[in-house]
Structures are given as structure tokens and as C-alpha cells.
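In what follows, a single structure is set out as C-alpha cells and then discussed.
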Amino acid sequence: MFQDVHKKIIISLKDEDLRNGSREATREEMKNRLDAIKRHPYAEDWAKEIKEIKRKLLLDPIKSFEDFKKSFEGEGKYIYFAKDGEEAKKIILKIIGKKSTVVKSKSLVGEEIELRQFLEMNGINVYETDLGEFLVQLVNGKPAHMVTPAVNMTEGRARNVLYPVIKERMDDVVSMVLGVRGFMREKFLSADVGITGANALSIDTGSIVFITNEGNGALSSTLPEKLVVITSIEKIYPSLKDAIKASIVQTVYAGFKNTTYIHIINGVPKEPKNGPKELHLIIVDNGRIGDISLKETLYCIKCGSCQLSCPIFREVDGAWGEIYTAAIGIPWTAITGKISVARDLSYFCLQCGRCKEVCPMKIDIPNLILKIKRERF
Amino acid sequence: MEDPITLFKNSIEENGGFFKFVNRIELINEIKKISKGNEIMFAGLDESIENEIIKSDIKSISLDKMKDDRDLKNKIKNINIGITNADALAAESGSIILVDYNYMKSFAAFLPEIHIAIAYPEKIFPGLIEALNYIINSMNELPATIQIIQGPSKTGDIEKKIVRPSHGPKELYVFLIR
């Protein structure tokens, strides 16, 4: 209901701590992005290339999937197409089995289908290993932003959230991060399964590309015996080069001058004794292929620049939206969730157009939101 | 236009890593200085460099020789220095590329607190895409994984404050062999 969104936003506006956290984190977003583009001047051209490539591939996403599947298949590798979240979750549960421990890296598709909550309900120990996601998991909340999920959490709040699990004195952010490192290391070493998302897939080499800064993706994709990757169909690119370019464009527009790790997974070792023995890749549709009128949304590479530049997001962050929040989050909600929910959210858009201006894919987000508001599909 | 070596040095330093152009004797001394008598593990090194490490008084183990040990990760979890080769470097972005068939290089690069990568000047390429092209064209079969490392691990998840290390190494050294 529209009123429910309104109520959530009002509550969020009254939470000074949360507003400060959100403002602090978004204050320098434009400077960060411009600095990152200056550091990687080719990113603007790459963004144009990627948009053109996506335009062609999205004309026939099923064919892209079939082409990718052909080059991906091999020993120890399994690929699945899931039409929606329910199907994806069933597949994943079957792969990992009950009573296992999972170390999980960030996956927006995982958030979209509420994978962690589902696995926990089925008695599986899941550890979110990305710091932001771990904080969100500990408060049982939802990510506020696509790249920095705990963007709205102040240092003080984060400390209070971490203390019950880390149980050490943490005077500053450094000691908090070190505490989490120690806690999580044991989990990485003993986990049965690693789950991660993917930034891109490449048809020519059948590769999975994903990026992390923390090294959590590095450990969760190399230590456990089973590796499960979950992603969505619009992430398929013709070549490994395109996949890398798309991943870099994403980090640059997210405002990072440098991303620490780019992982390219091609398969499992021959006669593996260490590292993953099985690689399972689940590609989720969840409303993406069928929708024609909001198709432009699928150009989105999920850098989150539109969220950070949105004046509403800056004040209320995660309160404006469910799983996907603010700006492009509204059409993503319409595609992967309920159109009625997206419509309720659409009324809070100011149509100021900043999101469209900063988007590397130049998606006409205000127009998509207008379409949702008018419900013209 | 800066030469690729200087450009790489500047990039990796900007990303929080250390860089030094060394000869083989200096390399062994640098490793000694960093390891301070502690045990190191290595993977994917040239035979000649491997031999020099073994010949020296540095305590070391070869992951390539232990790759079939099913309990490997528990045996190496407390080793705090890992050394790998670099199959290519990209100057513009300060990238180190590891081609890894059996996860031994990944373990040496990700598990310890310090990762040392050893490279040769002819493996430096201007940009990441050129470096990847070289890697892909020089491979007969795809490795299980290709890892691209562009600095020590970090997180900016609390109030966007950048903190090192996170889950990966806190220090990254690149030694380029003369």
C-alpha cells in the first residue's frame, strides 16, 4: 500500500542516526565517481560498448543462454536455468543438502529471491562473508544499497551489531574489520559450500566473472568443496573481454578507483584434491525475459550510482523500496517482484532526472518509473 | 607516456601495494626481510627461483608438491606469507594475473597476511585487456580459475571508510626481476 511506503519513509526520516549514516556515505558520491572515471578514462567508452552489446544480446536472451551453456558444460560443471526464485531455491537446496555450512559472498540475485533466509529456514548455517551483508544479516534486515548494503549503518551502530558475535573490544572500524576477519576465517576453512553471485558470464570461454574488494569471494570460491554460483540471465556477454569490461564499468561507476579482486572461474581442477570439486551455476530469469515494456531495465549493471545520486535515497535510503531500493530499484522491483509494490513506490519519485544523468548505461529511469506509475504495460 | 614499469609501479602503489625492481640476490634478501624467519609457502614459481629459496635459509614449503594432500588447507592455514609468480601484469590498473589450474596459487595469494608476486618485465602489458589477451592466447586449455589481483584486500562497508585488510592479505608486494 502507498500508505505503508509513506509510513516507512516517515519513520526513517525521524531516525537521526540512520539519516546521518546515509548522508555521510552519499556525501561524496559524485566526487568518488568522477575520480574513479578520471582514473579509468576508458570506462566511459566501455560503458557505451557494453550497452550496445547488451542491446543485441537481449533481443534473444534464450539464445544467449543456450550459447553460454554449450561452452560452459564440462566435467564437474553443472548449469541450471531457473524460471523464478522458488525454482532456484529448490535447485540450490538439493545441491547443498541439509546440515551443511555455507560461506556466502554477495549476490544481488540471492537477495532478490531471499536465498539466505530460505536456506536458514531449512536448517543450513549460512554466513554472509561480505562485511556489509554480514551486518545486514545480523540485524535480520535488507540491503539498503546494491554495492554497499549497510550504507545506512553508522560506526556506532555497526559496533553494537557486531559485539554479540565478535565479543571483543572494538575501538574503531579497523578493529571491527579485524574481529570479523578472525571470526569468518574459521568458517571459510570448515564450510562445505561456497555461494557467490556473478557480475558477468562470457560465451566464448564459458567463464564466470565476479569481483570483490574484501577477498571474501576469493576464499569462499576456493576453499569449500562445492561452489554454487547464482546469477541472472542479463549478465551473459559474448566474450571474456566484454565480461571484464562490464565488471570494471560497474565498479568505476560505483565510485571505486580500484577494485581489489576480479575472479574468473572456468571450471574445477582435473582430479581435484583441493579447492572446489563441483561447480554449480544457476541462472535465474525471475520475470526478466517476459517483460517487454520495462526491458531497458535489463541494461542495468547494478553499479548503484543512480541510488547514491537520488535525493530521496540520500534522506531515507533503504526505506524507499523492498529488496531493490530507489531509482532503478523501482523498475527492478516491478520486474522481479510485484508490480503493485513498484507502483506504490513510484509515487515518491521527484522526476528530477539525476539518476538518468549518472547512469553509465543511460537508462531513462524517470521514464521507466512513469510507466510503472501509469501502469502502461 | 610513462614506461610500463613506472606506470605499473605507480598503479600498484596507488592501490596500496609495494613494488621493487630487483635482481635475484636482492629478491632472496627481500623475501628474508619480509618473512623474518617465519615459514613461507609458494606456488607456481620458476624452478630457478624455487631452488634459490630452498637453498637459502628461508623456511619454505612448496604447495605444488602438496597439491594432492587432502588436508592441505589445514596444514597451511597458519602460514602468513605466500609467494606466487605473476603470469602477466597490467600497468594501467596495477593488476597481477594468476593462471591457476589447481588452486595452489590462489591459496598462496589469498590465505596469508602477506602475498608476494614475482614477475618479469616482459610480462607487463599496458592495460588489463591486453594482458588478458596474452593470457588467453598463450593457453592450450582453460585453467580452473584466473585470478586478477589489484591490491591488498580492503573494505569500505562501514561509512565508506576504507580499511585494510579485510579477508585477504593486508600486504601485497610485487618484485620485478631484472
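Chains as they are written, first to last, in our numbering: chain A, 58 to 434; chain B, 1347 to 1524.
Ideal Cβ placement from N, Cα and C applies to all residues, glycine included.
Cβ-based neighbour list, residue i, same chain, cut-off 6 angstroms, excluding 5 preceding and 5 following
i	result
B/Lys1469	Ala1434 and Leu1435
A/Ala384	Cys363, Gln364, Cys367, Cys412 and Ile422
A/Ile153	Val250
B/Phe1367	Leu1522
A/Ala376	Lys65, Ile66 and Ser69
A/Ile458	This structure does not reach residue 458 of chain A, given that chain A is present from 58 up to 434, and the question cannot be answered.
A/Thr317	Asn270
A/Asn89	Gly312
A/Ala82	Val208
B/Gly1329	Nothing can be reported for residue 1329 of chain B, as the shown portion of chain B is limited to 1347 through 1524.
B/Ile1540	Residue numbering for chain B in the displayed model covers 1347 to 1524; residue 1540 of chain B lies beyond these limits and cannot be assessed.
Within 9 angstroms, strictly: CB atoms of residue i and residue j
i	j	result
B/Ile1400	B/Ile1429	no
A/Asn183	A/Val159	The sequence given here has Val at residue 183 of chain A, not Asn. Result yes, Cβ atoms of A/Val183 and A/Val159 sit closer than 9 angstroms.
B/Ala1465	B/Phe1388	no
A/Val250	A/Pro281	yes
B/Ile1386	B/Ile1404	yes
A/Ile68	A/Phe405	no
A/Ile420	B/Ile1494	no
B/Val1520	B/Ala1477	no
A/Asn323	B/Ile1492	yes
B/Ala1432	B/Ser1357	no
B/Leu1518	B/Ile1427	no
A/Lys314	A/His63	no
A/Ile339	A/Ile181	no
B/His1513	A/Gly272	yes
A/Ile319	A/Ser164	no
A/Ile349	A/Pro388	no
A/Ser128	A/Gly263	yes
A/Met233	A/Met241	no
A/His202	A/Thr354	no
B/Gly1440	B/Glu1348	no
A/Ile301	B/Leu1474	yes
A/Pro295	A/Ser259	yes
A/Gly133	A/Val325	yes
B/Val1443	B/Ile1481	Per the sequence presented here, residue 1443 of chain B reads as Ile, with Val not at that position. Contact flag set, yes.
Where the beta strand (DSSP E) through residue i begins and ends
i	result
B/Ala1389	Ile1386 to Ala1389
A/Tyr220	Run containing A/Tyr220: none in the beta strand (DSSP E); it sits in the alpha helix (DSSP H), Glu212 to Ile223.
B/Lys1366	Phe1364 to Val1368
B/Ser1408	Ser1406 to Ser1408
A/Glu335	Glu335 to Val341
B/Thr1491	Thr1491 to Ile1495
B/Ile1508	Segment: none, B/Ile1508 is in no beta strand (DSSP E) and carries neither H nor E.
B/Phe1521	Glu1517 to Ile1523
Host alpha helix (DSSP H) of residue i (start-end)
i	result
B/Asp1433	That residue, B/Asp1433, is in no alpha helix (DSSP H); it is neither H nor E in DSSP.
A/Asn182	Not the alpha helix (DSSP H): A/Asn182 falls in the beta strand (DSSP E), residues Asn182 to Glu185.
A/His63	Phe59 to Lys71
A/Val193	Leu188 to Leu195
A/Ile107	Ala100 to Leu114
B/Ile1358	Pro1350 to Glu1360
A/Tyr318	Note, A/Tyr318: premise wrong, no alpha helix (DSSP H); beta strand (DSSP E) at Tyr318 to Ile322.
A/Lys126	Pro118 to Phe129
A/Met233	Val230 to Ser247
A/Asn89	Glu86 to Arg96
A/Gln364	Ser362 to Ser366
A/Trp389	Gly386 to Thr393
A/Tyr404	Unbroken run through A/Tyr404: none, as it is neither H nor E.
A/Ile349	Where A/Ile349 is concerned, there is no enclosing alpha helix (DSSP H), given that its DSSP letter is neither H nor E.
A/Asp299	Leu297 to Tyr310
Cβ shell of residue i (< 7 angstroms), same chain only, five flanking positions each side left out
i	result
A/Glu432	Arg400
A/Met418	Ala104, Lys108, Tyr356, Cys357 and Ile358
A/Asn209	Leu75, Gly78, Ser79, Ala201, Asp374 and Gly375
B/Asn1361	Gly1440, Gln1496 and Gly1497
B/Met1412	Leu1418
Please specify which runs of the alpha helix (DSSP H), each continuous and at least 4 residues long, are wholly inside the region 131–164 of chain A, giving them in chain order.
142–153
Exercise for review: Would you list, in chain order, the members of the region 1471–1503 of chain B that have their beta-carbon closer than 8 angstroms to a beta-carbon of chain A?
Suggested key: Gly1473, Leu1474, Ile1475, Leu1478, Asn1479, Ile1482, Leu1488, Pro1489, Ala1490, Thr1491, Ile1492, Gln1493, Ile1494, Ile1495, Gln1496, Gly1497, Pro1498, Ser1499, Lys1500, Thr1501, Gly1502 and Asp1503
Got a sec: which bits of the region 318–346 of chain A sit with their beta carbon under 7 angstroms from any beta carbon on chain B, in order along the chain?
Tyr318, Ile319, His320, Ile321, Ile322, Asn323, Gly324, Val325, Pro326, Lys330, Asn331 and Gly332
Checklist entry - At which residue ranges does the region 250–289 of chain A contain complete alpha helix (DSSP H) runs of 4 or more residues, listed in the order of the chain? => result 273–279
Exercise for review: Taking a Cβ distance cut-off of 8 angstroms, strictly less, list which residues of the region 1413–1430 of chain B are near chain A, in chain order.
Suggested key: Lys1413, Asp1414, Asp1415, Arg1416, Leu1418, Lys1419, Asn1420 and Lys1423
- Under 7 angstroms (Cβ pairs) to chain B, residues found in the region 298–317 of chain A: Lys298, Ile301, Asn315, Thr316 and Thr317
| message | Could you tell me which whole beta strand (DSSP E) segments of length 3 or greater appear in the region 1419–1489 of chain B? | response | 1427–1431, 1434–1436, 1441–1446 and 1460–1465
Short-range partners of chain B found in the region 265–284 of chain A, where Cβ spacing is below 7 angstroms: Asn270, Glu271, Gly272, Asn273, Ala275, Leu276, Thr279 and Leu280
Interface residues of the region 189–203 of chain A facing chain B [CB-CB below 8 angstroms]: Gly189 and Leu192
Near-chain A residues of the region 1510–1523 of chain B - C-beta to any C-beta below 8 angstroms:
Pro1511, Ser1512, His1513, Gly1514 and Pro1515
**Contacting positions in the region 203–215 of chain A - beta carbon closer than 8 angstroms to chain B** = Thr205, Pro206, Ala207, Val208, Met210, Thr211, Glu212 and Ala215
Legend entry - Interface residues of the region 408–429 of chain A facing chain B [CB-CB below 7 angstroms]: none
Scan the region 232–246 of chain A for residues whose Cβ lies nearer than 9 angstroms to a Cβ of chain B and list them as they occur along the chain. Met233, Val234, Leu235, Val237, Arg238, Met241, Arg242, Phe245 and Leu246
(request) Note down, in chain order, all residues in the region 78–101 of chain A with a beta-carbon under 7 angstroms from any beta-carbon belonging to chain B. (result) Gly78, Glu81 and Ala82
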